[in-house]
Amino acid sequence: MRARRAVTLCVASALCAGAWSCNAVLGINDPEHAVDAGTLSDASIEETAAQPDGPLADTATEDTAVTDDHPDVQPETPPEAQVESGDETDAQPCGEPGQPCCNGTCGVGACCLDECVDTATDPANCGGCGTKCEIGCASSACVKALQVGLGDEHSCVTLSDKTVRCWGRGIDGELGNGAGQDQAKPQVVVETGTTALGNAVRVQGGFLSTCVQISAGSLRCFGSNSKGQLGDGLGVARKTADGGPTLTGVTEMSVGSQHVCAIASGSAWCWGYNNYRQVSPNAVSTVATPEMVALTGNVTKAACGYQHSCAARDDGTVWCWGWNSQGQLGNNSNADSPTPVQAQQCTPAGPLTGVQRIAAGARHTCAVKADKTVWCWGDGGYGQVGDGKKELHSCAVQTAGLNTAEQIAAGNNHTCAVLSNNALYCWGYNAEGEVGNGTKIDVLLPAQVLDNVVAVDLGDGHSCAARVDGSVDCWGINERGQLGDGTKTQSVTPKKVIW
């Protein structure tokens, strides 16, 4: 009966008004109404229309309003306008990240341009609408690069969210992402599967391996293990950061070409390749687990070069051992030493003292004293000592023009220092553009490359620096993607790492 009266109302409106669509009232999209309406004959419609005193007359004069004479007839509501009480299936969800705002508010995060965003993790709206982050967003703050650690042909950084990213050469697993392939953009270092390694405070790269220092004082090492450089005693390569030496209480560490030294409980411990006794005085080619160095006193810093090692004690002295063909041990000699010997300075002659930081390159070594001056020794054939000459020095000489140094880094044959005003100066071998001054000419004196730098490290033929804003710049050779800009194109000036 409902369907018949709906048709009657619609016909009346069509005949008298001619402007109201019958579709909604007939319920064309409503199967129930469609079937009932289809049972009406033309005769019944004509019969109804012919009765001036019938429903048609009432409907025409009342504009389809329901009269008291027909209380059972109710106006039909178009289906698309019907919302049953308590049914939210047709309501658009709102208030959660990725959904529209609910009247300008969100249950989580903030309402940005009428959309809810999670300001704790969204890199486009980190901590607030429109605050963009280059690397990522964590805990409502932009993720920043805090420290850089370079290997021969790969680069790594520790981030403010305590994770590590690496890029460049990855064939031996030195990127720690499980892939075993070169990567021209940063990759997340993982423990297992896709679980990122966390609680990282420092990363260092070697020839074909990488080590990460964890906040709890342990180490995770990955990559090649052919010389025992992972320190786990297994001699098997790792592609993820799921293991390392059993050494605990680590406060400092340095990765050389194929050996590693770390400071734990005031002592120096080393492992890996031992062809020049850079790890142990014992006549063995490799040391697969950490061995304590016979050095008395409280050791605070370590630096590993190509095939030599150095340590600084809390009394400001420096001690080195291993290969010494270019005077890199700094003891006024070029004879190798299987045990630590004390580094000397040339002028005034005597023990090198007051040292707070040290760095070792392939065949040269550098230090920063408490007075912020820089001193270097060893191979100076490319100007990497920074005294304006291309000469070998078997004792420490002062690098020219640097009196406010805070950090020091040594690469294969070049050197860089970060000053107290965050300016970066570099010098030495520059055939690959690793000095970063826009040329490929060796630089014999420190030259400013960047400002706003908080950390620097050097590889075989490339360099990288972390900036105050949390970004990273790299320059030099790029055959394995070690500059991190998505290409393998060499650059003689700093280029931004692309995240």
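The working numbering puts the first residue of the sequence shown at 622, with every later residue one more than the last.
Quick reminder that beta carbons are idealized off the backbone N, C-alpha and C, glycines included.
* Can you tell me whether methionine 874 is buried or exposed, with buried defined as 16 or more other CB within 10 angstroms of its CB? -> Buried, because 16 or more other Cβ atoms sit within 10 Å of the Cβ of methionine 874.
* Asked: Closest to valine 1089 by CA distance: which of Gly748, Ala933, Ala1017, Leu767 is it?
  -> Taking valine 1089 as reference, the option from Gly748, Ala933, Ala1017, Leu767 with the minimal CA-CA separation is Leu767.
* Consult DSSP for tryptophan 1120 and reduce its assignment to one of helix, strand or coil. => Tryptophan 1120: coil per DSSP, three-state reduction.
* Asked: So which of Gly1059, Gly918, Cys882, Ala964 has the shortest CA-CA distance to asparagine 952?
  -> Checking every option, the nearest Cα to that of asparagine 952 belongs to Ala964.
* Asked: Would you say leucine 771 reaches chain C, if we count a Cβ-Cβ gap shorter than 7 Å as a contact?
  -> The structure shown contains no chain C; it holds only a single protein chain.
* Asked: First and last residue of the beta strand (DSSP E) that includes phenylalanine 843?
  -> The continuous beta strand (DSSP E) containing phenylalanine 843 extends over residues 840-844.
* Under the three-state DSSP convention, the category aspartate 1078 falls into -> The answer is strand: DSSP assigns aspartate 1078 an E or B state.
* To do: Give me the Cα-Cα distance between glutamate 795 and leucine 829, rounded to the nearest whole angstrom.
  => For glutamate 795 and leucine 829, the distance between alpha carbons rounds to 6 Å.
* For the beta strand (DSSP E) containing tyrosine 1050, list its first residue and its last residue. => Where tyrosine 1050 is concerned, there is no enclosing beta strand (DSSP E), given that its DSSP letter is neither H nor E.
* To do: Only counting runs of 3 or more residues, tell me where the beta strand (DSSP E) segments fall wholly within the region 916-984, in order along the chain.
  => List check, beta strand (DSSP E) in window: 920-925, 929-934, 939-943, 958-963, 976-981.
* Given a cut-off of 7 Å, decide if glycine 887 and valine 920 are closer than it, judged by their beta-carbon atoms. => Glycine 887 sits close to valine 920, with the two beta carbons spaced by under 7 Å.
* Asked: Is the beta carbon of alanine 983 sitting closer than 7 Å to the one on asparagine 1043?
  -> The Cβ atoms of alanine 983 and asparagine 1043 do not sit closer than 7 Å to each other.
* Buried or exposed (CB count within 10 angstroms, at least 16 for buried), glycine 856 -> Under this definition glycine 856 is an exposed residue.
* **Of the listed residues Asn798, Cys987, Thr869, nearest to glutamine 1028 (C-alpha basis)** => The option with the nearest alpha carbon to glutamine 1028 is Cys987.
* Expected contact under 8 Å - CB spacing of glutamate 1055 and tryptophan 1096 to nearest Å -> Yes, they are in contact, since the Cβ atoms of glutamate 1055 and tryptophan 1096 sit about 7 Å apart, within 8 Å.
* Asked: What are the residues that DSSP puts in a beta bridge with isoleucine 835?
  -> Looking at the DSSP output, isoleucine 835 sits in a beta bridge with Ala821.
* cysteine 967 and valine 1018 look like a contact to me (Cβ under 8 Å); what is the Cβ gap, rounded to whole Å? -> Rounded, the Cβ-Cβ distance is 5 Å, consistent with contact.
* Asked: Terminal residues of the continuous beta strand (DSSP E) containing glutamine 1028?
  -> Element bounds for glutamine 1028: 1026-1031.
* Can you tell me whether glycine 865 is buried or exposed, with buried defined as 16 or more other CB within 10 angstroms of its CB? -> Glycine 865 should be labelled buried.
* Any chance the region 907-917 sits against the region 881-897, with 3 or more Cβ pairs inside 8 Å? -> With a cut-off of 8 Å, the region 881-897 and the region 907-917 count as touching, because enough Cβ pairs lie within range.
* Who does lysine 990 pair with in a DSSP beta bridge? -> According to DSSP, lysine 990 bridges with Val976.
* Roughly how many angstroms separate the alpha carbons of cysteine 1037 and valine 989, rounded to a whole number? -> In this structure, the alpha-carbon of cysteine 1037 lies about 12 Å from that of valine 989.
* To do: Name, in chain order, the residues that DSSP records as bridge partners for glutamine 1019.
  => DSSP lists Trp996 as the bridge partner or partners of glutamine 1019.
* To do: Could you tell me the distance, in whole angstroms, from the CA atom of glutamate 705 to the CA atom of glycine 716?
  => At glutamate 705 the pLDDT is 44, less than 50, meaning the model places this residue with poor confidence and gives no usable figure here.
* Asked: Hey, alanine 1086 and alanine 1031: beta-carbon distance below 7 Å or not?
  -> Going by beta carbons, alanine 1086 and alanine 1031 fall outside the 7 Å limit.
* Asked: Roughly how many angstroms lie between the CA atoms of serine 847 and glycine 1009, to the nearest whole one?
  -> Rounded to whole angstroms, the separation of the alpha carbons of glycine 1009 and serine 847 is 39 Å.
* Can you tell me which of Thr974, Glu1012, Val1039, Gly1057 puts its alpha carbon nearest to the alpha carbon of glycine 1022? => Among Thr974, Glu1012, Val1039, Gly1057, the Cα nearest to that of glycine 1022 is on Val1039.
* Label lysine 753 either buried or exposed according to how many other C-beta atoms from any shown protein chain fall within 10 Å of its C-beta, with 16 as the threshold for buried. => Residue environment analysis places lysine 753 among the exposed positions, since fewer than 16 neighbouring C-beta atoms fall within 10 angstroms of its C-beta.
* To do: For valine 729, count neighbouring C-beta atoms within 10 Å of its own C-beta (all shown protein chains included) and say buried if the count is 16 or more, exposed if not.
  => Burial call: exposed.
* If we count the other Cβ atoms within 10 Å of its Cβ and call it buried at 16 or more, is proline 714 buried or exposed? -> With a threshold of 16 other beta carbon atoms within 10 Å, proline 714 falls short and is exposed.
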